[in-house]
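Residue numbers (the working numbering): -6 to 319.
What follows is one structure encoded as structure tokens, with my remarks underneath.
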């Protein structure tokens, strides 16, 4: 199954989009379709032996449904053994350091560590001192690289189908990211990924949810929803983090809905072929109206499906790439 180009990967870890080149991003995207095919096998045998005998550890310090289960399923479809560790049941509650916990996990001969942590930079600190392949599944407000990769893969598939061109990329594609940019690691990773792939990115949301000087990342900024989605090929709505609503970052949910919710009235100003995306979980009828979230333009469930394939591709490249074979 693997091609010579796939095995040209040379990184030990996947810590963020920021350090990846366009070529590395495209290598992951180009590796994923074979794993989409594995998941869609009519035979019912949705496995390949590429990680057979390997141990993949899901180590999550924050709640997660989509990311954790997606990584677990991806590992199992690669025939790996899996182990799940929740922060509440680990020795960290007794004061054990991250390094000591990982050292004990590695003593059991782990191969891949999937880490989600509330502290930005936690995966980077561990990767520098440990031999296991570390994959960042979200670190604080910093990055969520596999989300950005599955999003780019979903966008590219749409553009290729729309243009009937199996080689089309995201160069010149217009993407509108709408919502809570300030607190979103998904937004940061997506901005970096999309800019490296040549897309034009417009951010839209309340000024209080927009990072200072974000334009330095090469994006346009507007606080007008109609302006953001006018001419966009991709409309990507972000979750409003309701746990932060008590901080008074915008007047009320009613006001946010009036100005920034993507609904049928807003989509009057969008291209008829524009697709709707969201990283989940959705606050229904706040970021997206239900009829838009469940409508024909929505590819939200396709994002979830593609997430398994992208994470299979990442683990395969890390474990079986050129560096691992030295």
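Just so you know, even glycine gets a beta-carbon here, dropped at the ideal spot from N, CA and C.
Residue interval of the alpha helix (DSSP H) (run including residue i)
| i | result |
| --- | --- |
| residue 185 | 178 to 189 |
| residue 283 | 283 to 286 |
| residue 325 | The structure shown does not extend to residue 325, since the chain is modelled only from -6 through 319, so no value can be given for it. |
| residue 145 | 138 to 156 |
| residue 304 | 293 to 313 |
| residue 252 | 246 to 253 |
| residue 167 | No alpha helix (DSSP H) contains residue 167, which is instead part of the beta strand (DSSP E) from 167 to 171. |
| residue 64 | 59 to 70 |
Contacts around residue i, its chain only, beta-carbon distance under 8 angstroms, and the 5 residues preceding and following it disregarded
| i | result |
| --- | --- |
| residue -3 | Here residue -3 scores only 41 on pLDDT, less than 50, and its place in the model should not be relied on; the value that follows carries that caveat. Hits under 8 angstroms: none found. |
| residue 119 | 91, 92, 95, 106, 108 and 127 |
| residue 70 | 28, 31, 32, 39, 40, 41, 301 and 305 |
| residue 267 | 222, 225, 226, 227, 228, 260 and 290 |
| residue 1 | 20, 314 and 315 |
| residue 213 | 193, 194, 195 and 196 |
For residue j and residue i, believed in contact at Cβ under 8 angstroms, the rounded distance
| i | j | result |
| --- | --- | --- |
| residue 301 | residue 67 | 5 angstroms |
| residue 167 | residue 111 | Contact doesn't hold; Cβ gap of about 33 angstroms is too wide. |
| residue 172 | residue 280 | 6 angstroms |
| residue 104 | residue 125 | 6 angstroms |
Residues near residue i in its chain [Cβ-Cβ closer than 6 angstroms; skip 5 each side]
| i | result |
| --- | --- |
| residue 76 | 50 |
| residue 215 | 197 and 221 |
| residue 132 | 110, 113, 115 and 116 |
Enclosing beta strand (DSSP E) for residue i [first to last residue]
| i | result |
| --- | --- |
| residue 215 | 213 to 215 |
| residue 129 | 126 to 132 |
| residue 79 | 74 to 79 |
| residue 228 | 227 to 230 |
Contact set for residue i: own chain, Cβ-Cβ below 7 angstroms, skip 5 residues either direction
| i | result |
| --- | --- |
| residue 123 | 95 and 99 |
| residue 356 | For the chain, the structure presents residues -6 to 319; residue 356 sits outside this window and is missing. |
Through-space distance from residue j to residue i, alpha-carbon basis
| i | j | result |
| --- | --- | --- |
| residue 321 | residue 17 | No answer is possible for residue 321: it lies beyond the span of the chain, which begins at -6 and ends at 319. |
| residue 65 | residue 264 | 37 angstroms |
| residue 271 | residue 293 | 6 angstroms |
| residue 8 | residue 23 | 19 angstroms |
| residue 80 | residue 89 | 11 angstroms |
| residue 170 | residue 208 | 13 angstroms |
| residue 308 | residue 160 | 24 angstroms |
| residue 313 | residue 43 | 8 angstroms |
| residue 129 | residue 136 | 8 angstroms |
| residue 146 | residue 12 | 18 angstroms |
| residue 211 | residue 46 | 44 angstroms |
| residue 329 | residue 62 | Missing from the structure shown is residue 329; the chain here goes from -6 to 319 and no further. |
Alpha helix (DSSP H) segments (min. 4 residues) lying fully within the segment 1 to 34: 15 to 32
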